[in-house]
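Engineer: One structure, pasted below without further comment.
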Amino acid sequence: MTDFLSLAEDIAREAGDMLLAKRPTMSREIETKSSPTDVVTALDKASEELIRERVLAARPGDRILGEEGGEEPGDSDVRWVVDPIDGTVNFLYGLPEWAVSIAVEVKGEVVAGVVNVPARGEVYTAALGRGAWLGDTRLHCNTGVPLDRALVATGFGYSATRRAVQGEVVAKVLTRVRDIRRGGSCAIDLCSLAAGRVDAYYERGINPWDYAAAGLVATEAGARLGGLHGRPVSPSFAVCAAPGLFEQLHDLLASLDPERDA
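Taking my numbering, I'd label the letters of the sequence shown as residues 349 to 610.
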């Protein structure tokens with residue numbers, strides 16, 4: 349795991365440095381994906397290409413799942429799960445809440461994760477069973493927070509129909525918690541939870557590359573991460589918080605039927 353983590357961190361830092369250097373001249377080269385609001389920049393693709401090249405140069409038999417390039421086959425039990433820029437809209441607008449996220453799975457289990465937030469100079473790391481870290485500082489999520497005192501992060505999807513439901517849900521959650529935060533990056537939201545900057549997080553529609561690395565950071569910091577009704581975290585739904593608060597937020601969300609899209 350140490351070797352995996354070291355390699356992932358080196359690559360995430362290199363990709364982040366490249367993105368910082370080139371963003372002012374290339375960030376406007378954009379296309380759209382699932383909807384006009386779901387954007388991808390030339391630098392999303394360049395970042396993923398860099399990450400794939402570095403991984404395969406070091407470990408040519410491994411598999412890679414990337415947001416932009418899909419699954420690259422391999423002959424080992426190791427898979428790298430890559431989000432070249434999580435928070436592309438923030439990146440495009442010059443906001444700091446975007447990250448390079450790299451996770452390493454062995455036989456389907458995430459064993460190492462790195463989330464580099466270049467604009468903030470922050471690198472979050474975690475290895476299975478060895479804790480979560482922001483630089484040299486070990487992370488611990490907030491504990492003992494009741495639902496009505498919880499600062500809750502969330503995000504919204506790209507389709508108008510899904511957003512309409514998410515608007516209904518967040519309006520009802522807002523009256524039951526301290527406040528809501530919407531940063532625009534799942535990976536950073538989960539790392540913020542690990543660092544105690546928010547107390548909880550939920551969202552519908554996130555993908556493995558969004559949460560693989562940051563999910564390990566959060567759970568290694570003491571949080572619980574899962575879906576609704578005992579299911580694992582998935583694109584259908586994600587809830588994350590310290591034990592106790594997790595159950596309270598879960599029950600509130602489950603009562604609102606948040607997995608529907610209309």
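Each residue gets a CB set at the ideal place from its N, CA and C atoms; glycine is no exception.
#1: Pairing CB atoms from the segment 504 to 515 with CB atoms from the segment 583 to 598, are three or more of them under 8 Å?
#2: Kindly say whether D434, judged by its beta-carbon, lies nearer than 8 Å to any beta-carbon of chain B.
#3: Could you check whether the segment 539 to 552 touches the segment 489 to 496, counting it as contact only if at least three pairs of C-beta atoms, one from each stretch, sit closer than 8 Å?
#4: Does DSSP put E453 in a helix, in a strand, or in coil?
#5: State yes or no: is the C-beta of L538 within less than 8 Å of the C-beta of V565?
#6: Judging by CA-CA distance, which residue of W428, V452, V500 and V462 is the nearest neighbour of V518?
#7: On a CA-only basis, which of A460, L482 and V459 is nearest E470? Give me that one, please.
#8: Output yes or no for whether 8 Å exceeds the beta carbon distance between T436 and T502.
#9: Count the C-beta pairs between the segment 572 to 589 and the segment 452 to 467 that are closer than 8 Å, then say yes if the count reaches three, no if not.
#10: Could you pull the start and end residues of the beta strand (DSSP E) that C588 belongs to?
#11: Between V525 and A498, is the Cβ-Cβ spacing less than 8 Å?
#12: Going by other Cβ atoms of all chains shown within 10 Å of its Cβ, with 16 needed for buried, is R371 buried or exposed?
#13: Report all residues from its chain with a CB closer than 6 Å to the CB of D423; omit the five preceding and five following residues, and keep chain order.
#14: Could you give the C-beta distance for A451 and I536, rounded to a whole number, given that I count them as a contact under 8 Å?
#15: Leaving out five residues before and five after A363 in sequence, what residues of the same chain have Cβ atoms less than 7 Å from its Cβ?
#16: Beta-carbon separation of Y550 and C534 under 8 Å?
#17: Assign D599 to one of three DSSP states: helix, strand, or coil.
#18: Alpha carbon to alpha carbon, how far is K455 from L413?
#19: Which residue marks the beginning of the beta strand (DSSP E) containing L573, and which one marks its end?
#20: Please list, in chain order, all residues of the same chain as P444 whose beta carbon is under 6 Å from its beta carbon, the five residues on each side excluded.
#21: Can you tell me whether V518 is helix, strand or coil according to DSSP?
#22: From A590 to R530, what does the alpha carbon distance come to, in whole angstroms?
#23: Taking the alpha-carbon of N438 as reference, which of T567, G563, L368 and P606 has the nearest alpha-carbon?
#24: Looking at R478 and the ligand GTP, is the gap between the Cβ and the nearest heavy atom below 7 Å?
#25: Report the start-end ranges of each beta strand (DSSP E) in the segment 484 to 557 that is 3 residues or longer and not cut off at the edges.
#26: Could you pull out every residue in the same chain whose Cβ sits closer than 8 Å to the Cβ of T350, ignoring the five residues on either side in sequence?
#27: Near D425, which residues of its chain fall below 7 Å by C-beta distance, leaving aside the five closest residues on each side in sequence?
#28: With a 10 Å radius around its C-beta and 16 neighbouring C-beta atoms as the bar for buried, classify Y441 as buried or exposed.
Structural biologist: On the basis of the coordinates in this document:
#1: no
#2: No chain B appears in the structure shown, which is made up of a single protein chain.
#3: yes
#4: Along the sequence shown, read from residue 1 onward, the residue named residue 453 stands at position 105. Strand, per DSSP.
#5: As a first step, residue 538 is located in the sequence shown; it is residue number 190 there, counting from the start. As a first step, residue 565 is located in the sequence shown; it is residue number 217 there, counting from the start. Going by C-beta atoms, L538 is nearer than 8 Å to V565.
#6: The residue you call residue 518 lines up with position 170 of the sequence shown. Ranking the options by Cα distance to V518, first place goes to V500.
#7: Residue 470 sits at position 122 when you count from the first residue of the sequence shown. Looking at the Cα atoms, L482 is the closest of the given residues.
#8: Working through the sequence shown from its first residue, we reach residue 436 at position 88. Working through the sequence shown from its first residue, we reach residue 502 at position 154. Cβ distance not < 8 Å, so T436 and T502 don't count as in contact.
#9: no
#10: Start at 1 with the first residue of the sequence shown, and residue 588 comes out as number 240. Run containing C588: A586 to A589, per the beta strand (DSSP E) assignment.
#11: One-based indexing of the sequence shown puts residue 525 at position 177. One-based indexing of the sequence shown puts residue 498 at position 150. The answer is yes: Cβ separation under 8 Å.
#12: Along the sequence shown, read from residue 1 onward, the residue named residue 371 stands at position 23. Buried, by the Cβ-count rule.
#13: Mapped onto the sequence shown, residue 423 falls at position 75. For D423, where only same-chain residues beyond five positions count, the Cβ hits under 6 Å are G409.
#14: On the sequence shown, position 103 is the one that residue 451 refers to. On the sequence shown, position 188 is the one that residue 536 refers to. Not quite, the Cβ-Cβ distance comes to about 15 Å (not below 8 Å), so this is no contact.
#15: Here residue 363 corresponds to residue number 15 of the sequence shown, with the count starting at 1. Excluding residues within five positions, the ones whose Cβ falls inside 7 Å are S395, L398, I399, P432 and V448.
#16: In the sequence shown, residue 550 corresponds to position 202, counting from 1. In the sequence shown, residue 534 corresponds to position 186, counting from 1. The answer is no: Cβ separation not under 8 Å.
#17: Position 251 of the sequence shown, counted from the start, is the residue given in the question as residue 599. DSSP places D599 in helix when its eight states are reduced to three.
#18: Numbered from 1 along the sequence shown, position 107 holds the residue referred to as residue 455. Numbered from 1 along the sequence shown, position 65 holds the residue referred to as residue 413. Distance between the alpha carbons of K455 and L413: 14 Å.
#19: Here residue 573 corresponds to residue number 225 of the sequence shown, with the count starting at 1. Its beta strand (DSSP E) spans residues R572 to G574.
#20: Within the sequence shown, the letter at position 96 stands for residue 444. So the qualifying residues of the chain are A467 and R468.
#21: Position 170 of the sequence shown holds residue 518. Helix at V518.
#22: The residue you call residue 590 lines up with position 242 of the sequence shown. The residue you call residue 530 lines up with position 182 of the sequence shown. Going from the Cα of A590 to the Cα of R530 covers about 19 Å.
#23: Walking along the sequence shown from the start, residue 438 turns up at place 90. Selected option, being the one with the closest Cα: L368.
#24: Inclusion of the ligand GTP in the displayed structure is not the case, the ligand content being empty and no account of it being possible.
#25: 499 to 502, 527 to 529 and 548 to 551
#26: Start at 1 with the first residue of the sequence shown, and residue 350 comes out as number 2. Here the set comprises A475.
#27: Counted from its first residue, the sequence shown places residue 425 at position 77. Once the five neighbours on either side are set aside, the close Cβ partners of D425 are V454 and K455.
#28: Locating residue 441 in the sequence shown gives position 93, counting from the first residue. With fewer than 16 Cβ atoms within 10 Å of its Cβ, Y441 is classed as exposed.
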